[in-house]
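Encoded as structure tokens, the structure appears first; notes follow it.
Residue numbers (our numbering): 146 to 315.
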């Protein structure tokens, strides 16, 4: 567990090659809270609730994509949101700025009488040269830039938390 570690220390460790290459974060950890509080999570919570309401899907995956609007959209996000978030420590966007596109596996653990869900989310992410270069697109050849050791070597993260997702309109 890396309770006090935030996005900047993760970024520094990726650049410098220091620290462990596999990291786990949980409820209360800084990285977990950055993701939970990010703007992108609003849509992913709504998607989780929608899948549950439509067909009772207890387990599944919801995704946030920086390239949903194409390469120019990804570039606009980089310049207009991600770089400013990193430069100003904007906690609404800082977690997603460091994660880029990501998917969450979810498991509905229960439902409250008001329709709200108790959901466990798991995010698996790799901070790598390939992911850093994703603004040019997603190509297999980008994998060739990944490193296992030293500076700019890949750091795998697993972030797990449980939260209450309010029913729509609540």
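Each residue gets a CB set at the ideal place from its N, CA and C atoms; glycine is no exception.
When the Cα of residue 258 is compared with those of 161, 200 and 309, which residue comes out closest?
309
Kindly indicate which residue of 184, 253 and 156 has the alpha-carbon position closest to the one of residue 141.
What is shown of the chain runs 146 to 315, which leaves residue 141 out entirely.
Of the residues 264, 180 and 247, the one placed nearest residue 237, counting alpha carbons only:
180
Given a cut-off of 8 Å, decide if residue 211 and residue 245 are closer than it, judged by their beta-carbon atoms.
yes
Determine the extent of the beta strand (DSSP E) in which residue 287 is found, giving its start and end residues.
First-last for residue 287: undefined, no H or E at that position.
For the 8 Å Cβ check, are there 3 or more pairs between the region 159 to 170 and the region 196 to 213?
no
Where DSSP assigns a beta bridge to residue 303, which residues make up the other side?
169 and 269
In the structure shown, what three-state DSSP assignment does residue 208 receive?
strand
To the nearest angstrom, how far is the alpha carbon of residue 235 from that of residue 178?
13 Å
If residue 96 sits next to residue 239, beta carbons under 8 Å apart, how far is it from one beta carbon to the other, in whole angstroms?
Residue 96 is absent from the model: the chain starts at 146 and stops at 315.
How would you write the range of the alpha helix (DSSP H) that residue 198 sits in, first residue to last?
184 to 200
Among residues of its own chain, excluding the 5 on either side of residue 146, which ones have a beta-carbon nearer than 8 Å to its beta-carbon?
Because the pLDDT of residue 146 is 47, which lies under 50, any placement of that residue in the model is unreliable, and the number read from its coordinates should be weighed accordingly. Counting only Cβ-Cβ distances below 8 Å, and skipping sequence neighbours, we find 169, 170, 171 and 174.
Given that a residue counts as buried once 16 or more other Cβ atoms are within 10 Å of its Cβ, and exposed if not, what is residue 233?
exposed
Would you say residue 223 and residue 313 are within 8 Å of each other, going by their C-beta atoms?
no
8 Å Cβ cutoff met for residue 254 and residue 307
yes
N-terminal and C-terminal residue of the alpha helix (DSSP H) that residue 158 is part of:
152 to 161
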